[in-house]
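Novice: Residue numbers (the working numbering), protein chains in the order written: chain W, 57 to 308; chain D, 396 to 710.
Using N, Cα and C, we set each Cβ at its ideal position, and we do this for glycine too.
Only a predicted model underlies this, so the values are computations on that prediction, with no experimental measurement involved.
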């Protein structure tokens, strides 16, 4: 479980996040949704110790993210941000191998190699494995970074807009991979999503944020509701049931 | 495996040049020639290694391949120190202060300055590395402005002494000081040896490094101290060599086909030493001392820097 207690981070006048209180259940996919500037990425960065908080506490499986040794945390939680510019010339294979650093500190064992292999296969990157990252398209690069996170093989996986730059096919592919990770391996995934239909179809729970506060949280079924979404996005969003999935039609 | 051979080849090149340097035109005067030349080679090898190591590490920490640690203003501080000594005490005092004291004073002052800079900046959270560079550049400009102002007022004879310090020179290296510099440099590298394994990951940038469990802030702080000590020591030993680091680091990245520091660093060090010895040979044998090594290095380095900038611009 990820336990966020009274977390506050101030940026400038009125910005940042204020007194956030949320518990994220283990073994589920939880989506963070909300308009731009709601503080979703800030919350995710604080949960993963990338950003210091001004007040409050975050613990993951009882490990306090500020006090716990960074290396210990790296074997429990992984984070992928939305922009990933790297100044080093790396192949996909080399990048994915970096995911094993918290386990092997750069000297790959046979188990590490197997994990790297699996991650590359999961993301269908075998034909591209020896290509350099700077020669790839945005979507291919994004999949390579997700493969690195998969190779890190942590109980908790935090993703900041992982579907950025991806076409429909690969977006669905990634959501399915995340689904398998939670259903088959019991992993916990927290991700920021902009397309609420992806949140509706693939996540178990949704946390909605607005202006640095949590508006509402709950199981996906309760959250995908015209009245709830109106409170989050200030938009009238009709919802249709198609093949058992609730689909939001926000093209008014 | 191919990188392995490249390293061997570079080592052979450096050793070969060393052998040529030690034996060329000796005309039988071994007792006189050998110790003198060996001392010079020692200074060249130490400076070359220190500059290559510190530049590669600095570029990794800043994630930027066109920066050099001299940007934090150490070179200009070194010049300012010598200008002030000559300005205040005159050339007689300058020669009266022993070489040991001059060396010790320079190293202490430069390390203290960088320590102060880092200390001040580590209190500020956030994107401190670029802020640090900016402050360093401003300080550097400030120091060199004061230096050139004072140099205007100097007696021409005194100015000659200052001018001597403006360019690196391997010709008058004292063996005690060389030993001291070598010990300081080795100590700086070995104290922080345990951080070495993090360098490859730090090259990915802060967020990836933290995600992968690197104690980022602590490691960067320690490596910066190591860089500062190395630059201070080599500058105090032979004087400022601005472009050498930039040049050899980037040639090293081209030569070896890997990002791993365990290969890149030795390659950069060997290239650095080889090019310094080669350059010194050219200065001594072809130009017969009519020019100095740092003039040649700055010329080549400056040209290479321009090419790099144009290339970066294109991508």
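Does the distance from the C-beta atom of residue 448 of chain D to that of residue 663 of chain D stay below 9 Å?
Specialist: Taking 9 Å as the Cβ cut-off, residue 448 of chain D and residue 663 of chain D qualify as a contacting pair.
Novice: From this set, D:600, D:640, D:655, which residue's C-alpha is nearest residue 592 of chain D's C-alpha?
Specialist: Taking only the C-alpha atoms, the option nearest residue 592 of chain D is D:655.
Novice: With a threshold of 16 other CB atoms inside 10 Å of the CB of residue 520 of chain D, please say whether the residue is buried or exposed.
Specialist: Note that residue 520 of chain D has pLDDT 48, beneath the 50 cutoff, so the model's placement of it is unreliable and the number below is only indicative. Per the 10 Å Cβ criterion, exposed.
Novice: Since I believe residue 64 of chain W is in contact with residue 109 of chain W (beta carbons under 8 Å), could you give me their beta-carbon distance rounded to a whole number of angstroms?
Specialist: The pair is a contact, with the Cβ atoms about 7 Å apart (cut-off 8 Å).
Novice: Since residue 427 of chain D is in the alpha helix (DSSP H), which residue starts that stretch and which ends it?
Specialist: Where residue 427 of chain D is concerned, the enclosing alpha helix (DSSP H) stretches over 425-457.
Novice: Taking 6 Å as the limit between beta carbons, can you name the residues of its chain near residue 226 of chain W, skipping five residues before and five after?
Specialist: Contacts found: 195.
Novice: Comparing alpha-carbon positions, which option in D:634, D:498, D:658 lies nearest residue 644 of chain D?
Specialist: With distances taken between Cα atoms, residue 644 of chain D lies closest to D:658.
Novice: Note down the Cα distance separating residue 82 of chain W from residue 98 of chain W, rounded to an integer number of angstroms.
Specialist: So the two alpha carbons sit approximately 21 Å from each other.
Novice: Just to confirm, is the Cβ distance from residue 137 of chain W to residue 75 of chain W under 9 Å?
Specialist: Not in contact: residue 137 of chain W and residue 75 of chain W (Cβ atoms no closer than 9 Å).
Novice: Just to confirm, is the Cβ distance from residue 156 of chain W to residue 208 of chain W under 9 Å?
Specialist: In this structure, residue 208 of chain W lies closer than 9 Å to residue 156 of chain W by Cβ.
Novice: If I follow the unbroken alpha helix (DSSP H) through residue 586 of chain D, where does it start and stop?
Specialist: Segment 570-586, the alpha helix (DSSP H) holding residue 586 of chain D.
Novice: Grouping DSSP H, G and I as helix and E and B as strand, with all else coil, what is residue 468 of chain D?
Specialist: The answer is coil: DSSP assigns residue 468 of chain D none of H, G, I, E or B.
Novice: Can you tell me which residues form a DSSP beta bridge with residue 115 of chain W?
Specialist: Its beta-bridge partners are W:59, W:120.
Novice: Three-state secondary structure (DSSP) at residue 265 of chain W?
Specialist: Strand at residue 265 of chain W.
Novice: What in chain B is Cβ-close to residue 105 of chain W, meaning under 8 Å?
Specialist: Absent from the structure: chain B. Protein chains present are W and D.
Novice: Compute the Euclidean distance between the alpha carbons of residue 295 of chain W and residue 141 of chain W, then round it to the nearest angstrom.
Specialist: Each residue's alpha carbon lies about 38 Å from the other.
Novice: Would you kindly work out how many angstroms separate the C-alpha atoms of residue 86 of chain W and residue 514 of chain D, rounded to a whole number?
Specialist: In a straight line, the C-alpha of residue 86 of chain W is about 41 Å away from that of residue 514 of chain D.
Novice: Does any residue of chain W have a CB that is nearer than 9 Å to the CB of residue 645 of chain D?
Specialist: No, residue 645 of chain D does not count as interfacial toward chain W.
Novice: From the DSSP output, which residues share a beta bridge with residue 273 of chain W?
Specialist: W:263.
Novice: Apart from the five residues just before and just after residue 466 of chain D, which ones in its own chain have a Cβ nearer than 8 Å to its Cβ?
Specialist: 528, 531, 532, 535.
Novice: What's the C-alpha gap between residue 606 of chain D and residue 561 of chain D?
Specialist: So the two alpha carbons sit approximately 44 Å from each other.
Novice: So, under 8 Å CB-CB, residue 673 of chain D and residue 691 of chain D are touching, yes? Tell me the CB distance rounded to an integer number of Å.
Specialist: About 10 Å; that fails the 8 Å criterion.
Novice: For the stretch 276-302 of chain W, which residues have a CB atom closer than 8 Å to at least one CB atom of chain D, in sequence order?
Specialist: From the stretch 276-302 of chain W, no residue has a Cβ closer than 8 Å to chain D.
Novice: Out of curiosity, what's the CA-to-CA distance linking residue 160 of chain W and residue 176 of chain W?
Specialist: Looking at the two C-alpha atoms, the distance is approximately 18 Å.
Novice: Could you compute how far the alpha carbon of residue 423 of chain D sits from the alpha carbon of residue 438 of chain D?
Specialist: Taking the straight line joining both Cα atoms gives about 24 Å.
Novice: By the three-class DSSP mapping on this structure, what secondary structure does residue 520 of chain D have?
Specialist: In this prediction, residue 520 of chain D scores a pLDDT of 48, lower than 50, which makes its location untrustworthy; the coordinate-derived value is nonetheless stated afterwards. DSSP places residue 520 of chain D in coil when its eight states are reduced to three.
Novice: Take the Cβ of residue 611 of chain D as the centre, count every other Cβ of all protein chains shown within 10 Å, and call the residue buried at 16 or more, exposed below.
Specialist: Classification of residue 611 of chain D: buried, given that the 10 Å Cβ count is 16 or more.
Novice: Just checking: is the beta-carbon of residue 152 of chain W within a distance shorter than 9 Å of some beta-carbon in chain D?
Specialist: Output row for residue 152 of chain W: interface = no.
Novice: Check the Cβ of residue 595 of chain D against every Cβ in chain W and list those closer than 9 Å, keeping chain order.
Specialist: The answer, in chain order, is 144, 154, 157, 162.
Novice: Taking the alpha-carbon of residue 569 of chain D as reference, which of D:495, D:441, D:475, D:457 has the nearest alpha-carbon?
Specialist: The shortest C-alpha separation from residue 569 of chain D is found at D:495.
Novice: Please name the residue, chosen from W:114, W:187, W:200, W:168, that lies closest to residue 77 of chain W on a Cα-to-Cα basis.
Specialist: Of the candidates W:114, W:187, W:200, W:168, the one whose C-alpha sits nearest the C-alpha of residue 77 of chain W is W:114.
Novice: State the start and end residues of the unbroken beta strand (DSSP E) segment that holds residue 650 of chain D.
Specialist: First-last for residue 650 of chain D: 639-650, but that is the alpha helix (DSSP H), not the beta strand (DSSP E).
Novice: Specify, as a first and last residue, the run of the beta strand (DSSP E) that residue 248 of chain W falls within.
Specialist: 244-248 is the extent of the beta strand (DSSP E) around residue 248 of chain W.
Novice: Residues in its own chain within less than 8 Å of residue 172 of chain W by CB, not counting five upstream and five downstream?
Specialist: Here the set comprises 149, 152, 153, 155, 156, 164, 207.
Novice: If the cut is a Cβ gap below 7 Å, which residues of chain W does residue 602 of chain D touch?
Specialist: The answer, in chain order, is 106, 137.
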